[in-house]
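Numbering (this note's numbering), first residue to last: 828 to 1303.
So, in structure tokens, the structure goes:
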């Protein structure tokens, strides 16, 4: 038995369809496949009530409680979120950024896959093979060693010298996990450190009073909050022990907290699109010193009109630093995206391609399964139960551990909750993540999944862009 749900403006639920009539012995059938007892509702409410929406749980179980005060959906004020900065120990945790088969995928034998082109015809063929060839400051070199980077990857071999030795815009394409972030952020930090140190030397005894509160030299634009947080943490690890400051801003972080963080220094500003427009319009961020405008996961930023409006506003701003450079990076670049991007790239920009365009990582085995819409959940459960291990807690509760740490991607926010709750009833430790979650919930869900508290994460596209999650072996 299933039911259709309607939510009114005041939060009341209305259902059409079969009812339980208060009989807790009745069975509830979801998606013509899963049988549950009504008493299981109390377990979901107890374990997940603060996370999943009441409406999703009630609808999923097929309850008809129209007019019941118990089922009124609380109108909750969206929680603000202050992300906790990782400790230096966590920032340099090798498990966070170097995965299995890294050497095999990105070693020196892949040098012949580097292709650099430009519409001016003057190719820039200089490559680095070691980080000590870059001329980085001793602080940056130490941070590279602490990150356990032994050699530059192909995208880094090509991009680092281009950022340091040319003045052209750059569009870089390389597969996921290839080191694109370090490719652009290392030379940018090195240049900003040179500028900041020169200013500090000129100030002499007043150098300690030098704080860049509102005029970043570099803005890194991200399409999602999760990626923005990751970029911020990576940048923090590379600016350690330098005089370069980094700040971040994205939705759900209180504006007052963001402004306080920015006022402590924002030589590099990591931000999402909506917040960037807000800061520029309100004068919190000035563009007069902006040397580098970086678009990470650029194809997403360019294809989405709302996102691209933020790019337009920066590039057309009357006070924008005239000699600014635009750096675009992504694992996918369609021909349409490349054509749109050219509207903002200077003539003679460099296009760096590593390997074949829009190709999946070589070590990923892909399998396509044709299945009817209403059979998807049944097949998913069957796949996850295969080779799973049953565990029993001291209190007698039992759960299943799937063979592999798994992410399930769905299109609709509502489906992420439905599928997650369905898997919970099959005794899996599952959490969902989507745009309806507060940032606190999203961050906690992602962190607990990374730590292995949850074994399955059901996600929408908020997690589909550039986020590094160690040890994931199975993606649906």
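For each residue, glycine too, the CB sits at the ideal point set by N, CA and C.
Problem - Cα-Cα separation between residue 1125 and residue 1221, rounded to whole angstroms - result: Cα to Cα, the separation comes out at about 49 Å.
Practice task
Report the rounded CA-to-CA distance for residue 1149 versus residue 1172, giving the unit in angstroms.
Solution key: One alpha carbon belongs to residue 1149, the other to residue 1172, and they sit about 13 Å apart.
Exercise for the section: Just mark residue 959 as buried or exposed, buried being the case when its beta carbon has 16 or more other beta carbons within 10 Å. Expected result: Label assigned to residue 959: exposed.
Exercise for the section: Thinking residue 1048 and residue 1103 are a contact (beta carbons under 8 Å), I'd like their distance in whole angstroms, please. Expected result: Yes, residue 1048 and residue 1103 are in contact; Cβ-Cβ is about 6 Å, under 8 Å.
Handout entry: beta strand (DSSP E) segments (min. 3 residues) lying fully within the segment 967-1011
Key = The qualifying runs are 997-1000.
Handout entry: Burial state of residue 990 (16 or more Cβ within 10 Å)
Key = Counting the other Cβ atoms within 10 Å of the Cβ of residue 990 gives 16 or more, which makes it buried.
Exercise for the section: Take residue 894 and list the residues in its own chain whose beta-carbon comes closer than 7 Å to its own, dropping the five residues that flank it on each side. Expected result: With a pLDDT of 39 at residue 894, under the threshold of 50, the modelled position of that residue is not reliable, and no figure is offered here.
Handout entry: Sequence-distant residues of the same chain with beta carbon closer than 7 Å to residue 1024, five excluded per side
Key = Closer than 7 Å at the Cβ level, and outside the excluded window around residue 1024, lie 1070.
Problem - residue 1215 vs residue 1229 beta-carbon contact at 8 Å - result: A contact, by the Cβ cut-off of 8 Å.
Problem - Bounding residues of the beta strand (DSSP E) (the contiguous stretch that carries residue 1225) - result: Here the beta strand (DSSP E) through residue 1225 covers 1225-1228.
Problem - Distance between residue 1225 and residue 1122 (C-alpha atoms, nearest Å) - result: Going by the C-alpha atoms only, they are around 45 Å apart.
Handout entry: CA-to-CA distance, residue 1263 to residue 1052, given in whole angstroms
Key = Using only the alpha carbons, I get a separation of about 13 Å.
Handout entry: 8 Å Cβ cutoff met for residue 805 and residue 982
Key = The first residue shown for the chain is 828 and the last is 1303, placing residue 805 beyond what the model contains.
Exercise for the section: Assuming residue 1013 contacts residue 963 (C-beta within less than 8 Å), just tell me the rounded distance between them. Expected result: The pair is a contact, with the Cβ atoms about 7 Å apart (cut-off 8 Å).
Practice task
Report the rounded CA-to-CA distance for residue 1112 versus residue 1135, giving the unit in angstroms.
Solution key: Cα to Cα, residue 1112 sits roughly 18 Å from residue 1135.
Practice task
Tell me whether the beta-carbon of residue 987 lies closer than 8 Å to the beta-carbon of residue 955.
Solution key: Yes, Cβ-Cβ distance for residue 987 and residue 955 is below 8 Å.
Exercise for the section: Less than 8 Å between the CB atoms is what I'm expecting for residue 1268 and residue 1078, so what's the real figure, rounded? Expected result: Actually they are not in contact, since the Cβ atoms of residue 1268 and residue 1078 sit about 13 Å apart, beyond 8 Å.
Exercise for the section: Using DSSP bridges, identify the partner residues of residue 1074. Expected result: In the DSSP output, where bridge partners are listed per residue, residue 1074 has 1096.
Handout entry: Burial state of residue 1007, where buried means 16 or more other Cβ atoms lie within 10 Å
Key = That one is buried.
Handout entry: Residue of 1254, 1114, 1055 and 1155 minimising C-alpha distance to residue 1039
Key = Looking at the Cα atoms, 1114 is the closest of the given residues.
Handout entry: Entirely enclosed beta strand (DSSP E) segments - the segment 1010-1085, minimum 3 residues
Key = Considered as a whole, the segment 1010-1085 harbours 1045-1049 and 1073-1076 as its complete beta strand (DSSP E) runs of no fewer than 3 residues, in chain order.
Handout entry: Outcome for residue 1153 when other beta-carbon atoms lying within 10 angstroms are tallied against a minimum of 16
Key = Around the Cβ of residue 1153, a 10 Å sphere holds 16 or more other Cβ atoms; the residue is buried.
Problem - Range of the contiguous alpha helix (DSSP H) that encloses residue 1208 - result: 1203-1212 is the extent of the alpha helix (DSSP H) around residue 1208.
Exercise for the section: Could you give the DSSP three-state label for residue 860: helix, strand or coil? Expected result: Note that residue 860 scores a pLDDT of 31, beneath 50, so its modelled location is shaky and nothing firm can be said.
Practice task
Using only alpha-carbon positions, find the residue among 1245, 953, 965 and 916 that is nearest to residue 1021.
Solution key: Its Cα nearest to that of residue 1021, the residue 965 stands out among 1245, 953, 965 and 916.
Problem - Alpha-carbon spacing of residue 1092 relative to residue 1043, whole angstroms - result: Taking C-alpha positions only, residue 1092 is separated from residue 1043 by approximately 9 Å.
Problem - Rounded straight-line distance, which links the Cα of residue 1209 to that of residue 1155 - result: Residue 1209 has its alpha-carbon roughly 41 Å from the corresponding atom of residue 1155.
Problem - Local conformation of residue 1178 per DSSP, three classes - result: DSSP places residue 1178 in the strand class (E or B) of the three-state scheme.
Problem - residue 1312, DSSP secondary structure in three states - result: Nothing can be reported for residue 1312, as the shown portion of the chain is limited to 828 through 1303.
Exercise for the section: Please state if the CB of residue 1098 and the CB of residue 1046 are separated by a distance shorter than 8 Å. Expected result: The answer is yes: Cβ separation under 8 Å.
Practice task
State the Cα-Cα distance for the pair residue 1227 and residue 1202, rounded to the nearest angstrom.
Solution key: Straight-line Cα distance between these residues: approximately 21 Å.
Exercise for the section: Could you say which of 1057, 992, 1033 and 1035 lies nearest to residue 1009 if we only look at CA atoms? Expected result: With distances taken between Cα atoms, residue 1009 lies closest to 1057.
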